[in-house]
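Shown next, in structure tokens, is the structure this report addresses.
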Amino acid sequence: MTPSGSQPPRLLVKTLAVTFITVALLLVAVFVVVTVNVRDQVRQSVAASLESGQRIYAAVENRRQRELQSQAATLAENPTLKATIDTYAAEASTASPARLQLWLTTIDNELEKVAARVDSDALILADTHQATLAAAGRLGDRWPRGRPIALGGARAGETLDGVVRASGMLFRVVSVPLQLGDIPIGTLYLATNLDQRYAQELQSLANAQTAIVSDGLVVASTLPRQAASEFEASAASRQLDGTAQLDGESYAFRRLVQLGGTSFYALGSIDESSRSATRSAMRTLALIATGGLAIALVASFLLARMLSGPVGRLSASLAEAGRSPAGRVQLPLSGSSRELDTLTQTFNALMTSVANAEAQTQAAYTGSIRALATALDARDPYTAGHSERVSVLSVAIARALNLPPEDLEVIRLGALLHDIGKIGVPDAVLLKTGALSESEFDIIKQHPGAGARILRSVPFLVPHIPIVELHHERPDGRGYPHGLRGDEIPMHARIVHVADAYDAITSKRAYRNARPSGEALREIWRFAGTEFHAEVVGALATALPGVTSDTGELIVDAAEQLHA
Amino acid sequence: MLRRFTLGVCFAASTIAAGAQAPEPGTIAGHIKLTARVRAPLPANAYPSRSIGKHEAPATPEISNVVVYLKDPPFKGPLPVSRVELHQQNETFVPHVLAITRGSTVDFPNDDPFFHNVFSLSSAASFNLGRYPRGKSKQETFRKAGLVKVFCDIHSHMSASILVLDHPYFAIPNADGNYEIRNVPPGQYTIIGWHERVGERSAPVRVDAGRTVTMDLTVPVEDVP
């Protein structure tokens, strides 16, 4: 595998991510829709509540005004008050100042008594010309004598009530006619100051925030200061109903009543009302979302496992197959999906053909090497079949030493090629029957190195190089080309060294006859520990009787020698 | 709202030659016409008038609430006095308007089966006769000229007006609206038509000896049938 970093994500993670993100997006979309929906419904319900608040307010306020009126009318049926008013009106221009003052004091006194029993900010008495005659009550001093009363709203005499501005204050007034029998002698006005307290009362009646707007100015309001001034500035304060954005909050508003230039508004904050609804919706959604996400997580994990499991197993099998090059790997069918099975089958077919091709290549190689070795052996009639025999014997020895099968294969080919370096030895030296000179022996000594160089150029033969290069090394260090000692010499080379010596002794040479196997064995035993490794020589002794049929000659030879 | 009271005055006829000494007195006569509704409808009110008891509209026609008199005429000699009754019937003072000479006495008999009271806060006469039951009567002599408004302190809707004058030259029109002021010394006068809801309206009038001056008045006051 390549190092992580540039590595693509695992299939499991990818599948998980895709499923999870889909579910998450779905939930977000649902959440947005629900939130918008909740806001919309809250807007409607706020508007509806304002509307019902308006109706309730209108009914309650109307009744309250009527009750005020009737209460005041009852209290105004005061003979002294009425007699004084009528007498004053008849003689206003003729009576003495003292007398006028007496009447006015009487009127004031009687009016105070009425005012004390009416729940009103001011009680104002107007004459038949609608001029203030007297005023009483908490804010009675706002109504100076003689001041005309102009009702804002419909024509006086046709409205139950109206709005009057007096001394910088705005009053809502209800009128009660004063009559002597059927003769009108004046009007009694009950004034309620449109102040903050009134706005508060209105708020509790209308069950909403309130604003009183007179001639474009907010005179009293339960709204926050900023929102109130924004409401004043906006066109909303001139409409019947609607919604307005005030101080960053969305309000639904509705006019409760309009009296002349003065309007009473009820306002409800949609945002504030929707907050709790939205919060509960959010809580429910959060619960659903958590559950949904958990289910999605589990489901996507299972799905991912289902999808990626077989692929992962296949991938692991492939990796396994990749590690055993020669093996004829056949992957089992997972049965999880048709595509994966097809993939497995294709891979298996591919692997079969690859294995076949590899076997053919191996066979071709082996054949060529064998041919090469045979050709080499053929240069000297006395060494014909030498390489083949050494190979067979080496494998037998290795088997006796319980070496693993891979080593046997390496030894088989390596032994076959052990003398390949002799290609570079001239015939004059190689085929010389007499004793070799120093320099001639030096040439002979070069053949393991030459063989190693030849093999190095073929990657396929690299594992056999130690056999070729070191098959003339001796445990006592007197071998060539490197003079290695004991354990420094690889096992393969030791085996081939022994097998090579055995075959040389048991073969006929120009300068001597072939010697029997037993003698050869004895000869080799003599040098065990010095020229040969002792355990290999032991293995040779063990292996010799069991050499297979294709070395029949050898067996016969060995048997002969032993019997002799 | 009360309509403005207009007194249309026209002199239909005039003058006889003035006598030298002790001139023969003349007469002013005319017709009062009520033209508009002054008994104003109640201002819009969800509630009826808060009068107590079921009393009918006053029996007195509206025309009887008008007093026609001369303004400050010279009068020599003792002023004739009279004694008149102002009844309390069905929670109403009857008649509603009375004109008398200074020094006259008014009796206030109670005809209703319950207590009544008579009082006044006016400059010309401030008095309170107290409360008294049916059949009893109390009296008051008016010694000062002027308008005296009379009320009942038990029934706040009751009122009456007594016009006390320094001379006998006044009249209250009859049911047909005709009036007559007799024995007026010849001369130039200001004649006044007075109605309690609109106050005084005046016009000049010349009276010649032995003649009758006809003066018709149109008053924007209408009687309710």
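Taken in sequence, the protein lines are chains F and A. Be aware that the first sequence starts at 1, since it is given in our numbering, and climbs by one per residue. Be aware that the second sequence starts at 565, since it is given in our numbering, and climbs by one per residue. Glycine residues also receive a C-beta, built at the ideal position from the N, C-alpha and C atoms. All values reported here derive from a predicted model rather than from experimental measurement.
Identity of the residues DSSP links to residue i by a beta bridge
i              : result
P177 (chain F) : F:T187
P673 (chain A) : A:S701
N193 (chain F) : F:F171
R765 (chain A) : A:G757
V661 (chain A) : A:S725
E744 (chain A) : A:A593
T87 (chain F)  : DSSP, once it has assigned bridges, lists no residue as partnering T87 (chain F).
Cutoff 8 Å: residue i Cβ touching any chain F Cβ
i              : result
D717 (chain A) : yes
K807 (chain A) : Given that chain A is displayed from residue 565 to residue 789, the structure contains no residue 807 (chain A) and the question cannot be resolved.
L662 (chain A) : no
H680 (chain A) : no
H809 (chain A) : Residue numbering for chain A in the displayed model covers 565 to 789; residue 809 (chain A) lies beyond these limits and cannot be assessed.
H595 (chain A) : no
H513 (chain A) : Nothing about residue 513 (chain A) can be read from this structure; chain A reaches only from 565 to 789.
R567 (chain A) : Caution is warranted here: a pLDDT of 37 is assigned to R567 (chain A), below 50, making its placement in the model unreliable, and the coordinate value is therefore given only provisionally. No, R567 (chain A) does not count as interfacial toward chain F.
R775 (chain A) : no
Helix, strand or coil at residue i according to DSSP, with G and I counted as helix
i              : result
Y382 (chain F) : helix
H759 (chain A) : strand
Q78 (chain F)  : Looking at the sequence shown, residue 78 (chain F) is not Gln but Asn. Reduced to three states, the DSSP call for N78 (chain F) is coil.
E588 (chain A) : coil
M779 (chain A) : strand
D215 (chain F) : coil
A95 (chain F)  : coil
F715 (chain A) : strand
Q209 (chain F) : strand
E649 (chain A) : strand
Q752 (chain A) : strand
G449 (chain F) : helix
F639 (chain A) : coil
Y733 (chain A) : coil
F20 (chain F)  : helix
S337 (chain F) : coil
A220 (chain F) : strand
F301 (chain F) : helix
D182 (chain F) : coil
R707 (chain A) : coil
V771 (chain A) : strand
R283 (chain F) : helix
A689 (chain A) : coil
R695 (chain A) : strand
H680 (chain A) : strand
D442 (chain F) : helix
Cutoff 8 Å: residue i Cβ touching any chain A Cβ
i              : result
R99 (chain F)  : yes
P79 (chain F)  : yes
I183 (chain F) : yes
A115 (chain F) : no
L180 (chain F) : yes
T87 (chain F)  : yes
S96 (chain F)  : yes
T105 (chain F) : no
T262 (chain F) : no
P83 (chain F)  : For the sequence presented, residue 83 (chain F) should be read as Ala rather than Pro. A83 (chain F) counts as touching chain A.
Under 8 Å from the C-beta of residue i: neighbouring residues of chain B
i             : result
A90 (chain F) : The displayed structure is made up of protein chains F and A, and chain B is not among them.
Any non-hydrogen atom of the ligand ZN within 7 Å of residue i CB
i              : result
Q653 (chain A) : Looking for the ligand ZN in the displayed structure turns up nothing, as the structure carries no ligands at all.
Practice item. Any chance you could list the alpha helix (DSSP H) runs of at least 4 consecutive residues sitting entirely within the region 480-553 of chain F, in chain order? Key: Complete alpha helix (DSSP H) runs here, min 4: 491-505, 517-526 and 534-543.
Practice item. Pick out the complete alpha helix (DSSP H) segments inside the region 225-280 of chain F, 4 residues or longer, and give them in chain order. Key: As summarised for the region 225-280 of chain F, the continuous alpha helix (DSSP H) elements at least 4 residues long and confined to that stretch are 225-233, given in chain order.
Practice item. Please list the residues of the region 692-706 of chain A that have a C-beta atom closer than 9 Å to any C-beta atom in chain F, keeping them in chain order. Key: Cβ contacts with chain F: none found.
**Study point:** Contact list for the region 130-155 of chain F against chain A, Cβ threshold 7 Å
**Key:** When CB distances to chain A are screened at a threshold of 7 Å, not a single residue of the region 130-155 of chain F falls below it.
Exercise for review: Quick one: which residues of the region 212-234 of chain F get their C-beta closer than 7 Å to a C-beta of chain A? List them in chain order.
Suggested key: Of all residues in the region 212-234 of chain F, none has a Cβ within less than 7 Å of some Cβ in chain A.
Check your understanding: For the region 120-151 of chain F, which segments carrying the beta strand (DSSP E) assignment without a break, of at least 3 residues, lie completely within its bounds, in sequence order?
Key -> Segments of the beta strand (DSSP E) lying fully in the region 120-151 of chain F: 122-126 and 132-136.
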